[in-house]
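Numbering (the UniProt record's numbering), first residue to last: 1 to 317.
Think of the CB as a built atom: it goes at the ideal place given N, C-alpha and C, for glycine as much as any other residue.
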């Protein structure tokens, strides 16, 4: 009888086991949730730190670039500007080889450097790019050991860099300041205009760019850029408006072309020399296209003005 009384009851054991199992399951679930929460918090903090570090690097790099360009333009030493711009050109040329998927070749660098040196002694620096293209095409045809697409880096970025240098040589440092101002105004206006009003995609090439943003950017560039041209250079108001519009449009498509090249090359940035901004071409793509637009517009206007003066002088004689 005593043995029967001391034996544990099966129902009680089963009930206790179930309770223990449920309690253990609850504890495991709580631990899992806690671990998951900790992982999420750690991941969120790491992401926030990375974002903060990237933004900090971006702002610091931008400040240094603005200060450096400002000092360079105020100093206005022709040899120093040629040398600094040449260094930026060679770095951009190197990035373009990656974008075009062209194997590194010392002959290409030598030809690019030769074109830049020739530009320093030439009355028309832009023509140095055309000479380089002719030489390269001849080498490709004769040697047959270079890809025909090797000519592409001499069209972009070589030609735009030489156009930028030509704007400085032919029209002065204030024209370069005006060029940078127009492009920067368009870029800033497009960014904030797109964030506030952007709805319509501008191009599949650059999904983040919106039509509304581009229009607002162009409007800002035209208004403020025209005022700057009139005040800084005493430019005729109609010429200031047309030139500001033309340069701003060129800048928009310069940015778009760079995006196209990066998509084709399947890279996020053209380089990494500028922390937070990528490469030289990432930062100066719009300026380079804008320089081509400004150079050829001003050259055409000068030729047109000279032709009119010649005709007027001949008629007076």
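Residue i: first and last residue of the uninterrupted alpha helix (DSSP H) it sits in
i, result
"residue 226", "211-233"
"residue 258", "237-265"
"residue 92", "78-99"
"residue 110", "106-121"
Residue i (DSSP reduced to helix, strand or coil)
i, result
"residue 208", "strand"
"residue 309", "Note on residue 309: pLDDT 48, under 50, position unreliable in the model; the coordinate value appears next. In the structure shown, residue 309 sits in a helix (DSSP, three-state: H, G or I)."
"residue 203", "strand"
"residue 146", "coil"
"residue 198", "coil"
"residue 172", "coil"
"residue 59", "helix"
"residue 268", "coil"
"residue 278", "strand"
"residue 135", "helix"
"residue 156", "coil"
"residue 283", "helix"
"residue 151", "helix"
"residue 187", "helix"
"residue 302", "helix"
"residue 180", "helix"
"residue 71", "helix"
"residue 126", "coil"
"residue 102", "coil"
"residue 273", "coil"
"residue 2", "In this prediction, residue 2 scores a pLDDT of 46, lower than 50, which makes its location untrustworthy; no coordinate-derived value is stated."
"residue 297", "helix"
Beta-carbon proximity of residue i to residue j, cut-off 8 Å
i, j, result
"residue 215", "residue 226", "no"
"residue 102", "residue 147", "yes"
"residue 198", "residue 213", "yes"
"residue 126", "residue 159", "yes"
"residue 99", "residue 261", "yes"
"residue 185", "residue 247", "no"
"residue 171", "residue 298", "yes"
"residue 120", "residue 75", "no"
"residue 295", "residue 167", "yes"
"residue 194", "residue 209", "yes"
"residue 253", "residue 157", "no"
"residue 61", "residue 274", "yes"
Near the ligand ADP: residue i beta-carbon under 7 Å from a heavy atom
i, result
"residue 283", "Summarising the ligand content, the structure contains no ligands, and the ligand ADP is consequently not present."
Beta-carbon separation (whole angstroms), residue i vs residue j, contact threshold 8 Å
i, j, result
"residue 230", "residue 244", "10 Å between Cβ atoms; not a contact."
"residue 181", "residue 228", "6 Å"
"residue 259", "residue 200", "With 8 Å as the limit, residue 259 and residue 200 do not qualify as a contact, their Cβ atoms being about 17 Å apart."
"residue 86", "residue 116", "5 Å"
"residue 286", "residue 187", "6 Å"
For this session: Give a yes or no on contact between the segment 98-113 and the segment 153-172, applying the rule of three or more CB pairs nearer than 8 Å.
Result: A contact exists between the segment 98-113 and the segment 153-172.
Exercise. Taking one C-beta from the segment 158-166 and one from the segment 291-302 each time, how about it: are there three or more such pairs within less than 8 Å?
Worked result: Because the criterion of three Cβ pairs below 8 Å is met, the segment 158-166 and the segment 291-302 touch.
Problem set entry | Sufficient close CB pairs (3 or more, under 8 Å) joining the segment 93-101 to the segment 262-281 | With the cut-off at 8 Å, the segment 93-101 and the segment 262-281 touch.
Exercise. Taking one C-beta from the segment 170-184 and one from the segment 264-279 each time, how about it: are there three or more such pairs within less than 8 Å?
Worked result: Counting Cβ pairs under 8 Å, fewer than three are found: no touch.
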